[in-house]
Amino acid sequence: MSAMIRCDRCRRRYRGHGEWNATARQGVIVGYLCPDCQTPEENAEAEINLATLDYFVGADGLFRGRPKVVSA
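Structure, rendered in structure tokens:
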């Protein structure tokens, strides 16, 4: 059974939709933020990261991001 995901600030339950953000520390996801609790700065950072990074889980199980390659 998978763990229920809740917002770290308001404890709202994730129901599979919306622009939620994951909070990571040293490659480990430690929490989540619902759209209503994200600050404009947190939302902008997430959008920039999404546009410029490819996310993956490494062989060591850590969540990682690498710069997206733009082909000419």
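Just so you know, we're using UniProt numbering here: the sequence shown kicks off at 1 and counts up by one. Using N, Cα and C, we set each Cβ at its ideal position, and we do this for glycine too. Given the structure is predicted, the values throughout are model-derived calculations rather than measurements.
| Check | Outcome |
| --- | --- |
| Let me confirm a value: residue 10 is counted as buried when at least 16 other C-beta atoms fall within 10 Å, else exposed. Which label applies? | exposed |
| Identify the continuous alpha helix (DSSP H) that holds residue 62 and give its terminal residues. | Looking at the DSSP string, residue 62 is not in any alpha helix (DSSP H), and its letter there is neither H nor E. |
| Look at the Cβ atom of residue 66, then the Cβ atom of residue 58, and state whether they are nearer than 8 angstroms. | no |
| When you compare the CB positions of residue 35 and residue 47, do they come within less than 8 angstroms of one another, or not? | no |
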